[in-house]
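Peer 1: Once you've had a glance at the structure underneath, I'll fire off some questions.
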Ligand code: GLU
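In my numbering, the protein residues as written are 237 to 763.
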């Protein structure tokens, strides 16, 4: 996932601080990085494929400025090359961009003389902004004219060499926030965990933010709307920020993945506490009126939804479907007052899930959100009784561990809350089971297991039946994300319908069958 950090500083010290910001964004995954500064009416751009460290090595010691923008790119349009890394720049304008400009190709006709240097969709922004400035527009007007033309999703930060004290930020669907550091410097960032902020404003879709460093070094921010008059700023509410150390401390863990695995017992405990404090009651009140639940998500959140589907069917006796968010919209199913669409996302910013949610919202369907980030895009548009926080704390590792577990535990807590009135005995027994989980996970997390089998594996399949089938899918996803090995999850019974033909002496098969349930059947799969 890509990341943006931009800084307007009272002093000429942005380069190091931007590189530090990019380092804090590394946890999101990326393939190249870059930064641009403006000083003495000249634009300087540095980019490198690979780690932020590689970028640091190409920036001369003498480079510095009071204004700069920086980016970690996860290539979507155009290969992983230095030319395609962000900032994209034509020497006049420099732009960093998260998201996709869908009509980039069609808009090329508006800038016939542009000199194209790469293959990204982002480059069109650079040429359009430069064109509007050349046509006589002020920088903010040029950005506004540009965003009125583009279609797609974007968080953008831009600078222009003729406006040496100005950074402009724009948000449409991809998150972007502006924050004030303790010394009054201003940051723009796609992730408030990346920089220490005293106060911040989460931009809304359609917002333009203009950050200006004045001649006396004071820094001002004003907010506008895509469609509004640039002479009339709009008011925004500043929220209290949090220090980076609150997010980033590794403690005695070697990395975030291990740290977050170790935090899992507390995460489950928080779900148990929330259940006992009746936190899920308003949500369950809404469920009473429903006949069908659609659980929608991507990746790990989709797998959590699959597990939730089992529980809804088994314990609530309701119809339930679990859907992949990017496929949900193609189904065009009827929107009924009797159905509730539950969208699950760790970050609350998963684009495919937001799009599926917007489709439901646009058709008047009822929706609920389970997310770990209560100031996220998805959280902001959800009625409070249908918004459920996962309380897992910030998750930095690319592989979701504690947040996935929080999703699963939260779905179980919702089922238990539902059963409290209908089948208290079952509710009690499930609660007791759940209460033991923090201890059990704590025990397991003390040990590290290494399997020599994996080293020479040509492929790895995880098999499970019933509830363990979604876990097999999740296990395969984890392994792919963290090792880049070919892995897949299968329902136990499916192996014989094709995949068995691929088995050779280097295929590894992991069978998940920890309980009596389905044991015999899965044992026959093992044979
Ligand atoms: N449009 C961008 C590109 O591929 C997306 C990059 C990103 O979101 O990191 O250049």
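Glycine is no exception: its CB is placed at the ideal position from the N, C-alpha and C atoms. Since we're looking at a predicted model, the values are computed, not measured.
#1: Whose C-alpha, out of 707, 645, 443 and 686, is nearest the C-alpha of residue 669?
#2: Do residue 375 and residue 404 have their CB atoms nearer than 9 Å?
#3: Pull up the distance between the alpha-carbon of residue 413 and that of residue 693, whole angstroms please.
#4: Could you tell me if the beta carbon of residue 241 falls within a distance shorter than 8 Å of some heavy atom in the ligand GLU?
#5: Inspect the beta-carbon positions of residue 394 and residue 433 and report whether they are closer than 9 Å.
#6: Measure the CB-CB distance between residue 288 and residue 317 and report whether it falls below 9 Å.
#7: Could you check whether the Cβ of residue 539 sits closer than 8 Å to any heavy atom belonging to the ligand GLU?
#8: Looking only at its own chain, which residues have a Cβ that is under 6 Å from the Cβ of residue 760, when we skip the five neighbours before and after it?
#9: In or out: residue 407 buried (at least 16 other Cβ within 10 Å) or exposed?
#10: Using beta-carbon positions only, say whether residue 283 and residue 302 come within less than 9 Å of one another.
#11: What does the Cβ neighbour count give for residue 446, buried or exposed, with the cut at 16 atoms within 10 Å?
#12: Skipping 5 residues on each side, what residues in its chain have a beta carbon closer than 6 Å to that of residue 677?
#13: Once DSSP output is grouped into helix, strand and coil, what is the label at residue 584?
#14: Anyone know if the C-beta pair for residue 586 and residue 541 falls short of 9 Å?
#15: Quick one, are the C-beta atoms of residue 322 and residue 332 less than 9 Å apart?
#16: Tell me whether the beta-carbon of residue 241 lies closer than 9 Å to the beta-carbon of residue 424.
#17: Just to confirm, does residue 309 get its C-beta within under 8 Å of one of the non-hydrogen atoms of the ligand GLU?
#18: By a C-beta neighbour count over all protein chains shown, 10 Å radius and 16 as the cutoff for buried, is residue 507 buried or exposed?
#19: The beta strand (DSSP E) that contains residue 725, what's its start and end?
#20: Alpha carbon to alpha carbon, how far is residue 755 from residue 707?
#21: Out of 293, 324, 691 and 695, point me to the one whose CA is closest to residue 364's CA.
#22: Taking only the alpha-carbon atoms, compute the straight-line gap between residue 398 and residue 251 and give it to the nearest angstrom.
#23: Hey, residue 653 and residue 537: beta-carbon distance below 9 Å or not?
#24: Under the rule that 16 or more other beta-carbon atoms within 10 Å means buried, what is residue 539, buried or exposed?
#25: Using 10 angstroms around the beta-carbon of residue 238, count the other beta-carbons present and answer buried if the total reaches 16, otherwise exposed.
#26: Would you please state the rounded distance, in angstroms, between the beta carbons of residue 390 and residue 334? I believe it to be under 8 Å.
#27: Tell me residue 422's beta-bridge partners as DSSP assigns them.
#28: Ordered along the chain, which non-local residues of its own chain (more than five positions away) have a Cβ less than 6 Å from that of residue 437?
#29: Out of curiosity, what's the CA-to-CA distance linking residue 511 and residue 649?
#30: Where residue 591 and residue 571 are concerned, what is the direct C-alpha to C-alpha distance, given to the nearest angstrom?
#31: Rounded to a whole number of angstroms, what is the C-alpha to C-alpha distance between residue 410 and residue 600?
#32: In the DSSP assignment, what are the bridge partners of residue 307?
#33: Run the proximity test for residue 263: is its beta-carbon closer than 8 Å to any non-hydrogen atom belonging to the ligand GLU?
#34: State yes or no: is the C-beta of residue 589 within less than 9 Å of the C-beta of residue 614?
#35: Under the rule that 16 or more other beta-carbon atoms within 10 Å means buried, what is residue 720, buried or exposed?
Peer 2: So, from the listed chains and residues:
#1: 645
#2: yes
#3: Answer to the nearest angstrom: the Cα atoms are 44 Å apart.
#4: Result no, Cβ not under 8 Å from the ligand GLU.
#5: no
#6: no
#7: Checking every heavy atom of the ligand GLU against the Cβ of residue 539, none is found closer than 8 Å.
#8: none
#9: buried
#10: no
#11: buried
#12: Here the set comprises 500 and 501.
#13: coil
#14: no
#15: yes
#16: yes
#17: yes
#18: buried
#19: 723 to 727
#20: 15 Å
#21: 324
#22: If you take the alpha carbons of residue 398 and residue 251, they lie about 20 Å apart.
#23: no
#24: Buried is the call here.
#25: With 16 or more other Cβ atoms within 10 Å, it is buried.
#26: 7 Å
#27: 244 and 416
#28: 414, 472 and 474
#29: 6 Å
#30: If you draw a straight line from the Cα of residue 591 to the Cα of residue 571, it is about 16 Å long.
#31: 24 Å
#32: 240 and 270
#33: no
#34: yes
#35: exposed
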